[in-house]
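What follows is one structure encoded as structure tokens, with my remarks underneath.
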Amino acid sequence: MHQRNSNWMDGVEHVTQCGIPPGTNFTYIFKAEQYGTHWYHSHSGAQRTDGLFGALIVKERGNTQRDNLFSQLTDFNITSYNDNPAQHTLTLLDWQKSSSLDLFTQIHSGIRYFDIDKASELQGNRAAGSTSSDGAEIGPVSYWSGLINGRGRHNDVNYINSSLSEFKVTAGQTYRFRLIGAQSLYAYRFSIEDHNLTVIATDGQFIEPVTVDYIIIHSGERYDFLLKTKEEDYQQTTTRLFMIRAVTLSFTTTSTYLEEQSAEAILNYNSDDTPSSEYANIAARSQTVSQRCTDSDKCIALNCPFKNFPDNFNINCTHIHQLQLLTDYPTNELPTIITDQNSNSRLFFNFGFEGTRQTSAVNGRNLKLPSASLAQLEASELTDIENKEFCKELNENSKCDRNNEVEVISQDCYCAHVVDAEADRSIELVISATGPNVTNTGNFLFAHPIHLHGHYFHVVDIQFGGYDNSGRLTAGNSDLNCGGDTLCVRPRWKPNRDYSTRTGMTGRVSSKAPLKDTLLIPAGGYAVVYFKTDNPGWWFLHCHIEVDQLEGMGVIINEGGFKTPPPGGMYKCGEYFLELDEFKAAIAVTASPTPEPSVTTTTETRTSISQVTQTTTEAGPTTTSTITRTTTETGILTTTTVTATNAPTMTTTIRITVTATPTSGGMESGRGKYSTGYIIAIAIVSLFLAVKL
Numbered sequence: 001m002h003q004r005n006s007n008w009m010d011g012v013e014h015v016t017q018c019g020i021p022p023g024t025n026f027t028y029i030f031k032a033e034q035y036g037t038h039w040y041h042s043h044s045g046a047q048r049t050d051g052l053f054g055a056l057i058v059k060e061r062g063n064t065q066r067d068n069l070f071s072q073l074t075d076f077n078i079t080s081y082n083d084n085p086a087q088h089t090l091t092l093l094d095w096q097k098s099s100s101l102d103l104f105t106q107i108h109s110g111i112r113y114f115d116i117d118k119a120s121e122l123q124g125n126r127a128a129g130s131t132s133s134d135g136a137e138i139g140p141v142s143y144w145s146g147l148i149n150g151r152g153r154h155n156d157v158n159y160i161n162s163s164l165s166e167f168k169v170t171a172g173q174t175y176r177f178r179l180i181g182a183q184s185l186y187a188y189r190f191s192i193e194d195h196n197l198t199v200i201a202t203d204g205q206f207i208e209p210v211t212v213d214y215i216i217i218h219s220g221e222r223y224d225f226l227l228k229t230k231e232e233d234y235q236q237t238t239t240r241l242f243m244i245r246a247v248t249l250s251f252t253t254t255s256t257y258l259e260e261q262s263a264e265a266i267l268n269y270n271s272d273d274t275p276s277s278e279y280a281n282i283a284a285r286s287q288t289v290s291q292r293c294t295d296s297d298k299c300i301a302l303n304c305p306f307k308n309f310p311d312n313f314n315i316n317c318t319h320i321h322q323l324q325l326l327t328d329y330p331t332n333e334l335p336t337i338i339t340d341q342n343s344n345s346r347l348f349f350n351f352g353f354e355g356t357r358q359t360s361a362v363n364g365r366n367l368k369l370p371s372a373s374l375a376q377l378e379a380s381e382l383t384d385i386e387n388k389e390f391c392k393e394l395n396e397n398s399k400c401d402r403n404n405e406v407e408v409i410s411q412d413c414y415c416a417h418v419v420d421a422e423a424d425r426s427i428e429l430v431i432s433a434t435g436p437n438v439t440n441t442g443n444f445l446f447a448h449p450i451h452l453h454g455h456y457f458h459v460v461d462i463q464f465g466g467y468d469n470s471g472r473l474t475a476g477n478s479d480l481n482c483g484g485d486t487l488c489v490r491p492r493w494k495p496n497r498d499y500s501t502r503t504g505m506t507g508r509v510s511s512k513a514p515l516k517d518t519l520l521i522p523a524g525g526y527a528v529v530y531f532k533t534d535n536p537g538w539w540f541l542h543c544h545i546e547v548d549q550l551e552g553m554g555v556i557i558n559e560g561g562f563k564t565p566p567p568g569g570m571y572k573c574g575e576y577f578l579e580l581d582e583f584k585a586a587i588a589v590t591a592s593p594t595p596e597p598s599v600t601t602t603t604e605t606r607t608s609i610s611q612v613t614q615t616t617t618e619a620g621p622t623t624t625s626t627i628t629r630t631t632t633e634t635g636i637l638t639t640t641t642v643t644a645t646n647a648p649t650m651t652t653t654i655r656i657t658v659t660a661t662p663t664s665g666g667m668e669s670g671r672g673k674y675s676t677g678y679i680i681a682i683a684i685v686s687l688f689l690a691v692k693l
């Protein structure tokens, strides 16, 4: 969910808010304006990949786009579909035998993976499958297991002792499924046995429907697809149980996929649950790639992280920039294509493994998060953090200066990497995964799922590196100049290789260009995306592979314009309850033409042993906002009454109170609560230590 006018609700520790201390609460409130498939997750340490996440679905309310969708679905013989997110939402997670922080320590130290027990041998050559068909690395440690909605099995565990998630359907119907990538390390190639997938949306945005056999999905991405079930006359004697599989892109020296590196679930045409004794038979019957895809009947895969599959796989790729929005984007809101070679509205970010230790970096920098949340700081505090912690600018005496020559840049530069973007501009964002020497692929043999907070972006182009006849990556793309001999510190276009010159495109970007907020960047390649800086705030741009982000593969974009200040209580860390009227008052604050410092006064009165009244008055140059909070404590129940003045009316909000309570126990990661428009939903989430498979 993209926070607009409420950057301080974005949930990124040390960027937009403090972390939630153990035993305390924090209330999130936001407007549910973006319909579609979303998710929530922790942004503190490695908690997300230990299971702290869930689905967040906002359903359409009969809007024009949904009507348009049905008109276009007639080409697929679909006039309606069943949409029940609680029953047909899938979350994918690769699940390791160690906690995520232990895993990070192994990877960061260079120790990588210990094969210390029988299970770790991963059945023969399984541990060797560490690259995809283009030769790019797909994971720094061996694959262990995968979960769909919190259920799955390790490959060494017999099916009869396993529990798989089931998704029930009826013959002769069409269902909308929602797929969420919550992975830690691995991309998945998702499919359903003997069924095609008609993709209708990605990252919550409708696209013109495309029918595929496989969806390749990485961490942070979401895809909605329609599944048309077998016809009504489907006989009881015919197969009624089908395998749902998410398989990694691991590729062996014998040019086959390691199908056992997977997460599994069951598509069930029956009303009863499937006994685990049936799992093995279903799995044995499901087709491998070589069985499903033939020279005469080639398969289609969406979102390949390379240009093509090897010819013998008989799979054709559809790339994200080839998709089209279902409904034209409003022309007057489209970004303008940058043609000025010296424009400061071009931002280049190279995601690679830089320096002598090949650490996760953006433009040669390892991001060190600020010591305090930027969105919560007063002006003087922000200046102090900027002077002491931000990566330095041109002509300042710092080895971390991203504008100086490579000789004075530390190869493991570690600082708060903040890049400014001016307000009300069209931004050309070039996201690459390459290096200064395009023939030395060692530093960029990895595809990265890149996520931008606060914005959708228009995907106008994806370009790939060079490949040999077998589909192996031999060189990075040569359109970019990295600005250094050993580090990609200042990527820029080479002469006449910019997007506008190379394609001849001018004016506004295509109104059909697909919108995404998470994009898989191919190893050795790059993507060109556009967005408008119409949402002031501090926005995190980062790789969604957890260990890469933790090691520093991220950057903070300081988007210019008036940043709505957080409610008064958010200027300190710790317990924080936010009421709806407080939220309304906060987002209603606008920039004053003659800004003057406001005065905030808070008084607290305990009227009895069980009741506290707190009054906060914010006096500005033109308005005064007063919020009175009365808290009554009765046993374990706390009731809070809030009265606010100058709080405008507002529609469609969601309130989430997060309780940070260290506990232990098992979990089933997966479906979260969903909210429709004009309903306030409250979810209580606890931090926990998950039991490993």
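At position 242 of the sequence shown the residue is numbered 242 (the UniProt record's numbering), and the sequence of numbers has no breaks.
Positions of the beta carbon are idealized from the N, C-alpha and C atoms, including for glycine.
Assumed close pair Phe-349, Asn-363 - CB separation to whole angstroms, cut-off 8 Å: 6 Å
7 Å Cβ shell around Asn-395 - same chain, five flanking residues per side excluded: No answer about Asn-395 holds up, because its pLDDT of 36 lies below 50 and its placement is not dependable.
Continuous alpha helix (DSSP H) stretch holding Gln-65: start and end: Per DSSP, the continuous alpha helix (DSSP H) segment holding Gln-65 begins and ends at 64-73.
Pro-536 versus Pro-436: straight-line alpha-carbon distance, rounded: 33 Å
C-beta atoms of Ala-187 and Leu-249 nearer than 8 Å: yes
Beta-carbon spacing of Ile-521, Trp-539 below 8 Å: no
Counted within 10 angstroms of its Cβ, other Cβ atoms place Asn-63 as buried (16 or more) or exposed: Here Asn-63 is exposed. Its C-beta has fewer than 16 other C-beta atoms within 10 Å.
Assigned exposure category for Asn-469 - 16 Cβ within 10 Å defines buried: exposed
Close-in-space but distant-in-sequence residues of the same chain around Asn-5 (CB under 7 Å, 5 per side omitted): Only Thr-564, Ile-587 meet the Cβ criterion.
CB contact flag (Leu-197, Ile-215, <8 Å): yes
Same chain, Cβ closer than 6 Å to Gly-466, neighbours up to 5 away in sequence not counted: Result list for Gly-466: Thr-474, Ala-475, in chain order.
Residues near Pro-370 by beta carbon distance below 6 Å, same chain, minus five either side: His-14, Ile-385, Glu-389, Ala-416
Counted within 10 angstroms of its Cβ, other Cβ atoms place Thr-327 as buried (16 or more) or exposed: buried
Enclosing alpha helix (DSSP H) for Ala-284 [first to last residue]: 279-285
Three-state secondary structure (DSSP) of Gln-205: strand
Segment contact, 8 Å Cβ cut-off, at least three pairs: the stretch 315-330 with the stretch 486-505: The stretch 315-330, when compared against the stretch 486-505, does not touch it at the 8 Å Cβ threshold.
CB of Trp-95 within 8 Å of CB of Ser-145, strictly: The answer is yes: Cβ separation under 8 Å.
Under 8 Å between C-beta atoms of Glu-354 and Cys-543: no
Enclosing beta strand (DSSP E) for Ser-191 [first to last residue]: 188-192
For Ser-345, three-class secondary structure by DSSP: coil
From Asn-149, Cys-299, Asp-273, residue whose alpha carbon lies closest to that of Gly-54: Asn-149
Residue from Gln-3, Ala-433, Leu-90 with nearest C-alpha to Ile-180: Nearest to Ile-180 by alpha-carbon distance, out of Gln-3, Ala-433, Leu-90, is Leu-90.
Other residues of its chain near Arg-151: CB distance less than 6 Å, five sequence neighbours each side excluded: Ser-163, Leu-164, Ser-165
Contact check, Phe-177 vs His-38, beta carbons under 8 Å: no
Buried/exposed call for Phe-444, threshold 16 Cβ in 10 Å: Buried: at least 16 other Cβ atoms inside 10 Å.
Which of helix, strand or coil DSSP assigns to His-321: helix
Presumed contact (8 Å Cβ cut-off) between Ile-300 and Val-212, rounded CB distance: 4 Å
Beta-carbon gap between Ala-372 and Thr-16 smaller than 8 Å: no
Three-state secondary structure assigned by DSSP to Val-362: Three-state DSSP puts Val-362 in a strand.
Exposure label - Pro-567; buried when at least 16 CB within 10 Å: Counting Cβ neighbours within 10 Å, Pro-567 comes out buried, since at least 16 surround it.
When Gln-549, Asn-440, Val-529 are compared against Val-459, the one with the closest alpha-carbon: Of Gln-549, Asn-440, Val-529, the residue nearest in Cα terms is Val-529.
Cut-off 6 Å between Cβ atoms - residues of its own chain near Arg-153, not counting five sequence neighbours on either side: Ser-162
Anticipated Cβ contact below 8 Å, Gln-205 with Tyr-456, distance rounded: 7 Å
Distance between Gly-172 and Val-12 (C-alpha atoms, nearest Å): 44 Å
Presumed contact (8 Å Cβ cut-off) between Ser-511 and Thr-331, rounded CB distance: About 6 Å; that satisfies the 8 Å criterion.
Cβ neighbour criterion (16 or more within 10 Å) applied to Ala-379: exposed
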